[in-house]
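A.B. asks: Residue numbers (my numbering): -18 to 551. By construction, the Cβ of each residue, glycine as well, lies at the ideal position given by its N, Cα and C atoms. Pasting a structure here, questions to come.
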């Protein structure tokens, strides 16, 4: 089958199934999102891009290669690529942890189909575009936050240099010379809406109906560690001076996206609404009644500041409404230094207290790796979490502690000005991050440390804090004993193995180290096999394997190309 455009999502490390020199350790992917260390969840915008290209009358499909490799260990990427020729192969490099996998997929595809053109886009691609375009396997980098129009023009360009020179936001090569077209496409209305009815078409038996709706690009807030902040969008996304660094979907487009979820014939859905749409009455009013549809089981509202109690009650109207709060730290001074600091813990508790009868549950997220945080300060966060667990015992109010891993976002204010904020940056180029992803010990993958904590301390306190919080959740009845014990056992197994790896790495080269090498590799291989059989997180600690499909699994697409794929189309 020949495609006009093949869109793919890469694993963090392309050959992860064959590696016994990298430990894919529990917590090394932060554990704040329900994905494995392979980062198999793509940015949702790639679905909007697929649908936009399809609406232009072109042949396109999206293939989640990371997910397919996890779900089916015998799946051959090479064989799939051989059976899926295309004029353009597009890869998302939105988040930096995909650097190794994205570059390797493009290299492999160009080897199999040397006449195909490769294109890549996303936040990380935009930041590193000038370095990225110089890799021989990269033909085009599409920069910016809304790439539907530039990609459309690119795939219709015929690769004509005269046409390419007129496409905004495009980095490309003209007879080997790098050209960076001006960043002139920065629309005020965010167009990347998804028709979820198309995503869930076909046979989706056994699917977990969980959706991610992003009502805007950019952010009005300026969290110092974030690559999606106002600082980043103002500096790197081509916005004119004085423009707000937030581009919303139109109320009508947001409503249609939500209606496409409620109309999908896959059971009752859980919808996560990201960012600040609730702060704008036109968006909120346009969407609120859709949440009352009986096909919507649960709605998650991710909030960065506390709305009014009245607005909170309106959020509580949907069945099983979940409010996610991210104060970053219990310490208001640390929270302010990180760019949050919008409310104190006393204000947060008052907000929760007023809505306990209206909201199904509250999830509270604290982060490790912030300015001013020390080991003792983080232990103080654990103690505050115990206070919350005591106060809200028997209620659905659950705190989480998530390390900032594996990277501080390049292009964030801290990354650009590390000394000012007390940070040291270890990986400054895209290539350095690519190489870091293949380091044996994940402390060496971290691209930062602070003047308050070394990389080793960040790793150690991450395990200590999550372990302590897990035991507290068991103590106060927030986690069943079996689940809590399994997490603690995994943490202990991981820290023991990391200690053993550290001791091995510190050994001088010689016969003793050489003899120990295959033993260490065997332990890593056994650990990775167990770790990559499943995906679990603090949010969902149940070991469910990969039995249920997620919204980002694309087995039906794979089956169209290769019906013989193991498990595809079952």
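Which partner residues does residue 383 have in the DSSP bridge list?
C.D. replies: In DSSP, residue 383 forms a bridge with 348.
A.B. asks: Following the continuous beta strand (DSSP E) through residue 57, name the residue where it begins and the one where it ends.
C.D. replies: From DSSP, residue 57 is part of no beta strand (DSSP E); its letter is neither H nor E.
A.B. asks: Under the DSSP definition of a beta bridge, which residues are partnered with residue -10?
C.D. replies: DSSP, once it has assigned bridges, lists 45 as partnering residue -10.
A.B. asks: At what residues does the beta strand (DSSP E) containing residue 269 begin and finish?
C.D. replies: No beta strand (DSSP E) holds residue 269; the alpha helix (DSSP H) holding it covers 262 to 269.
A.B. asks: Between residue 308 and residue 347, is the Cβ-Cβ spacing less than 9 Å?
C.D. replies: Against a cut-off of 9 Å, the Cβ pair of residue 347 and residue 308 comes out as a contact.
A.B. asks: So for residue 444, helix, strand or coil by DSSP?
C.D. replies: DSSP places residue 444 in helix when its eight states are reduced to three.
A.B. asks: Are there 16 or more other CB atoms within 10 angstroms of the CB of residue 156, so buried, or fewer, so exposed?
C.D. replies: So residue 156 ends up on the exposed side.
A.B. asks: Quick one: what's residue 67 bridged to in DSSP?
C.D. replies: Answer is -16.
A.B. asks: Given a cut-off of 9 Å, decide if residue 125 and residue 164 are closer than it, judged by their beta-carbon atoms.
C.D. replies: Closer than 9 Å, so yes.
A.B. asks: Contact check, residue 146 vs residue 97 under 8 Å by CB: the rounded distance?
C.D. replies: Not a contact, Cβ separation roughly 21 Å.
A.B. asks: Relative to the alpha-carbon of residue 287, which residue among 241, 269, 335 has its alpha-carbon at the smallest distance?
C.D. replies: Measuring from the Cα of residue 287, the nearest candidate turns out to be 335.
A.B. asks: Identify every residue that forms a DSSP beta bridge with residue 160.
C.D. replies: Answer is 153, bridged to residue 160.
A.B. asks: The beta strand (DSSP E) that contains residue 197, what's its start and end?
C.D. replies: Here the beta strand (DSSP E) through residue 197 covers 197 to 199.
A.B. asks: Buried or exposed: where does residue 535 fall if 16 or more other Cβ atoms within 10 Å of its Cβ makes it buried?
C.D. replies: So residue 535 ends up on the buried side.
A.B. asks: Measuring only the C-alpha atoms, how far is residue 62 from residue 95?
C.D. replies: The alpha-carbon atoms of residue 62 and residue 95 are separated by roughly 12 Å.
A.B. asks: Do residue 135 and residue 65 count as a contact pair if the criterion is CB distance below 9 Å?
C.D. replies: Contact flag unset, no.
A.B. asks: Quick check: the Cα distance between residue 402 and residue 393, rounded to an integer number of angstroms?
C.D. replies: So the two alpha carbons sit approximately 12 Å from each other.
A.B. asks: Reducing DSSP to helix, strand and coil, say where residue 408 ends up.
C.D. replies: Coil.
A.B. asks: Could you tell me how far apart the beta carbons of residue 89 and residue 59 are, in whole angstroms, since I believe they sit closer than 8 Å?
C.D. replies: That pair is a contact at about 7 Å.
A.B. asks: I'd like to confirm the pairing. Which residues does DSSP put opposite residue 283 in its beta bridges?
C.D. replies: DSSP lists 305 as partners of residue 283.
A.B. asks: When DSSP labels each residue in this structure, what does residue 541 get in the three-state scheme?
C.D. replies: Three-state result, residue 541: helix.
A.B. asks: In or out: residue 170 buried (at least 16 other Cβ within 10 Å) or exposed?
C.D. replies: Looking at its Cβ environment, which holds fewer than 16 other Cβ atoms inside 10 Å, residue 170 is exposed.
A.B. asks: To the nearest whole angstrom, what separates the beta carbons of residue 569 and residue 44, a pair I think is in contact under 8 Å?
C.D. replies: An answer regarding residue 569 cannot be provided, because it is not within the stretch -18 to 551 covered by the chain.
A.B. asks: Could you please give the first and the last residue of the uninterrupted beta strand (DSSP E) stretch that includes residue 101?
C.D. replies: 98 to 102 is the span of the beta strand (DSSP E), which, as asked, contains residue 101.
A.B. asks: I'd like the list of long-range same chain contacts for residue 341, defined as Cβ closer than 8 Å, with 5 residues on each side in sequence excluded.
C.D. replies: Closer than 8 Å at Cβ, skipping near neighbours: 279, 297, 300, 301, 302, 303, 377.
A.B. asks: On the CB-based measure, 16 or more other CB atoms within 10 Å of its CB, does residue 289 come out buried or exposed?
C.D. replies: With fewer than 16 other Cβ atoms within 10 Å, it is exposed.
A.B. asks: Relative to the C-alpha of residue 451, which candidate in 435, 468, 438 has its C-alpha closest?
C.D. replies: Nearest of 435, 468, 438 to residue 451, Cα basis: 468.
A.B. asks: I want to know whether the stretch -4 to 16 touches the stretch 503 to 511 - three or more CB-CB distances under 8 Å.
C.D. replies: At 8 Å Cβ cutoff, the stretches touch.
A.B. asks: In angstroms, rounded to a whole number, what distance separates the CA positions of residue 320 and residue 122?
C.D. replies: So the alpha carbons of these two residues sit roughly 30 Å apart.
A.B. asks: Compute the distance between the beta-carbons of residue 533 and residue 221, then report whether it is under 9 Å.
C.D. replies: For residue 533 and residue 221, no; Cβs fall outside 9 Å.
A.B. asks: If you draw a straight line from the alpha carbon of residue 31 to that of residue 41, how long is it in whole angstroms?
C.D. replies: Whole-angstrom Cα-Cα distance: 7 Å.
A.B. asks: State the DSSP-derived secondary structure class of residue 113, mapped to helix, strand or coil.
C.D. replies: DSSP places residue 113 in helix when its eight states are reduced to three.
A.B. asks: Does DSSP put residue 342 in a helix, a strand or coil?
C.D. replies: Reduced to three states, the DSSP call for residue 342 is strand.
A.B. asks: Compare the beta carbon distance of residue 196 and residue 264 with 9 Å and say whether it is the shorter of the two.
C.D. replies: Yes.
A.B. asks: Determine the burial state of residue 128: buried for a count of at least 16 other Cβ atoms within 10 Å of its Cβ, exposed for fewer.
C.D. replies: By the neighbour-count rule (16 or more Cβ atoms within 10 Å), residue 128 is buried.
A.B. asks: Tell me whether residue 545 is buried or exposed, calling it buried when 16 or more other Cβ atoms sit within 10 Å of its Cβ.
C.D. replies: It counts as exposed.
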